[in-house]
Each structure stands twice: as C-alpha cells, then as structure tokens.
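Working notes for the structure below.
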Amino acid sequence: MDKRRNMPRALSKYTVREWFRLRPLVDRKNHARYQVRERISLARNARPVLLPAIRDRKALITISFNDVEVIDWQTKLVAINVPGAVHLIADNSTDPTARAAIRDICASAGVTYVPLPSNPWAGRKVDGSKSHGFALNWAWANIVLANRPSMVGFLDHDIFPTEKADPFRLLERAIVAGAVRTAPDGRWYLWPGFAFFHLGKLTTDRLNFGKDWLDGFDTGGLNWGRLYRYLNDVDLCAASHERLPIADDITIDDALSERIDNWLHESCYSTTVHMDPARRQHLLALKRNGTLETLQKFDGIAFPPRLSLGSDTDPVEF
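Counting with the numbering used here, you get residues 668 to 985 for the letters of the sequence shown.
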C-alpha cells in the first residue's frame with residue numbers, strides 16, 4: 668500500500684519558517700499517533716453485525732449522537748420518502764438516556780438499531796470529528812463490508828428528506844455521490860453526512876473516514892488518498908447544495924441550514940461552539956424550531972412536541 672495515502676499535508680506546502688520549527692515532523696508524528704490509536708481501537712472493537720436484510724440492497728446508515736428528536740423525525744421521513752432503502756441507526760451516543768430513547772424509537776419504527784462501541788475520542792469537544800470518523804470506520808467495517816449491500820449511503824442524524832425521491836439515483840452512472848467539499852487546489856471529499864457509494868463499482872473498499880485536519884479536510888477527508896484521487900469526473904455525482912439563512916436578521920456566518928439535493932440539513936454544528944454560549948443556544952433553538960416548522964408541513968406525519976432530551980444539550984462538534 669502507498670503509505671502516502673494516509674499522510675497529511677504535502678511537504679511542499681510547508682513554509683521555510685515551518686521547516687525551521689520542524690513542523691512537518693511534528694505533524695507527521697501527531698497524525699501517525701492518531702492513526703495508530705484509531706486502528707488499535709477499531710481492532711479491539713471489531714464485531715461484525717450480521718444483517719441479511721441489507722445484503723444486495725440499498726442501505727442508509729445514520730450515525731446518531733445524543734439527539735433523540737432528530738432520529739424520531741428522520742426515521743419517519745425516510746420511511747415515507749425513501750421506501751426502497753433499508754434504514755439503520757448506528758448509535759454513537761455517549762448519553763445512556765439518549766441511547767435508550769433512540770433504541771426505543773428504532774424499535775417502534777421497525778428500524779435496525781446498532782449500538783456503536785465507545786471510542787478514544789467520545790465526549791471530547793475538541794475531538795468530535797475524530798469520534799465521528801471512528802463511528803463511520805466502525806460502521807464501514809462491521810456493517811457495510813460484513814453484509815455487502817449493493818449501495819450504501821451515510822447520513823448525518825439531522826438531515827431529512829423533504830420529497831419522495833431515491834437518493835441512490837445519484838449513483839446511476841457514478842461510483843460515489845453526495846455533498847462535495849473542495850479545496851482550492853482541486854482536491855475534494857464527500858461530507859459523510861450525505862455520502863453514497865456503489866459497492867459494485869468501487870476500486871477499493873479500504874476506506875478511511877478519518878479527519879485530515881492538517882490539510883484542511885474534516886471527517887471523511889482521508890478518503891481523498893484512499894479513493895477519491897483516483898476517480899474521474901464521471902465517477903462522481905455531486906448533489907445540489909444551497910446554504911439557507913435561518914432568519915432575516917441572522918447572518919449565514921453565525922447560523923445556517925442547508926438544502927442538499929432534496930434533503931434539509933439542520934446543520935447545528937455550523938453554529939460554532941466558540942461563540943458566546945447564550946447566543947449559541949439561542950441560535951440553535953431558532954434553527955431547531957425552524958426545522959420542525961418546515962417538517963410539520965408534511966401530511967400524515969405526527970411530530971410530537973419538542974423533546975427536552977437532546978435539544979438543550981451542547982453537542983460535541985462533528
């Protein structure tokens with residue numbers, strides 16, 4: 668295997684000053700430590716989950732995290748608007764009460780619930796993206812590769828289909844599809860909150876959804892070296908994307924929602940944890956209420972009153 672696939676930030680991108688400070692060596696040491704720790708934890712927690720119902724089917728896997736409301740809403744909307752897919756919840760929650768509630772929602776909805784093992788970065792705000800990456804890597808190895816669905820899509824827990832349409836249609840001519848994040852130099856990766864893979868067309872299944880923060884890529888960025896860099900333009904189908912303000916008097920820099928394909932992404936993590944806590948909670952409440960108002964327009968779906976669990980907590984940033 669080409670070891671450069673997992674290495675951060677090309678040496679040519681460092682300045683002379685950074686070389687004098689040995690920054691390239693420090694970065695590589697820290698990145699290697701992150702990767703080794705991840706691999707050890709994944710190996711220790713390897714536990715293939717046998718799910719015959721998803722073999723050769725289209726599977727949607729949501730990574731949930733401590734938010735009961737959004738899972739309740741999402742499972743209802745996916746069941747109505749994406750009826751041809753098998754929906755699974757891979758629960759990365761750190762709150763035992765939230766885990767129990769999400770498990771109960773899945774049982775009521777007839778959705779498969781898979782509790783994820785604890786990981787080295789769970790519950791740490793500074794490492795939220797690493798925790799998310801671990802959850803995705805565990806799900807890829809122990810759910811996807813263990814059961815071989817024909818196609819798989821990874822979803823964030825706060826993204827909702829607002830129309831009846833098959834997101835896997837994006838893979839009709841492509842190998843991968845979804846919400847694309849790009850760098851100025853042309854590199855790109857799929858945001859793993861809306862990322863789809865055609866397993867029968869993949870050139871490799873050795874994916875790594877970890878974070879390449881040194882090169883400016885968040886969760887899923889390490890797949891540039893594993894897969895994306897080897898694909899042609901026709902192999903990628905980029906979903907349409909629109910950033911939406913949550914109110915007329917609030918800038919997109921402070922808070923936004925997103926329209927990705929025909930899905931609404933609440934995007935609570937776009938409201939930075941570094942702003943004043945009171946203002947952040949105000950913006951998150953506005954965003955959550957706006958999301959509920961939009962979703963309540965659907966006939967035949969009963970959305971219960973706002974739940975306290977998950978709505979007033981300060982989530983780990985993914």
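Where is the CB? At the ideal position from N, CA and C, for every residue including glycine. This structure is a prediction, so every number in the text was calculated from the model and none was measured.
- Within the same chain, Cβ atoms closer than 7 Å to the Cβ of Ala-789 are found at Thr-761, Ser-798, the five residues on either side in sequence being excluded.
- Looking at the DSSP output, Leu-857 shares a beta bridge with Val-847.
- 8 Å or more divides the Cβ of Ser-731 from the Cβ of Ile-707.
- In the structure shown, the three-state DSSP call for Ser-907 is coil.
- Going by DSSP, Thr-742 is part of the alpha helix (DSSP H) stretching over 735 to 748.
- Ranking Arg-684, Ala-726, Glu-705, Glu-685 by CA distance to the CA of Phe-835 puts Ala-726 first.
- Across the structure, Asn-809 and Arg-714 are spaced so that their CA atoms are roughly 6 Å apart.
- In this structure the region 716 to 726 touches the region 744 to 757; the number of beta carbon pairs closer than 8 Å is three or more.
- In the structure shown, the three-state DSSP call for Ser-924 is strand.
- When secondary structure is reduced to three states using DSSP, Ile-810 falls in the helix class.
- Here Asp-833 carries a coil assignment [DSSP, helix/strand/coil].
- Of the candidates Ser-785, Asp-771, Asn-786, Asp-771 places its Cα closest to the Cα of Thr-779.
- In this structure, DSSP gives Lys-868 a state outside helix and strand, which the three-state scheme calls coil.
- Between Pro-859 and Phe-884, the C-beta spacing is not below 8 Å.
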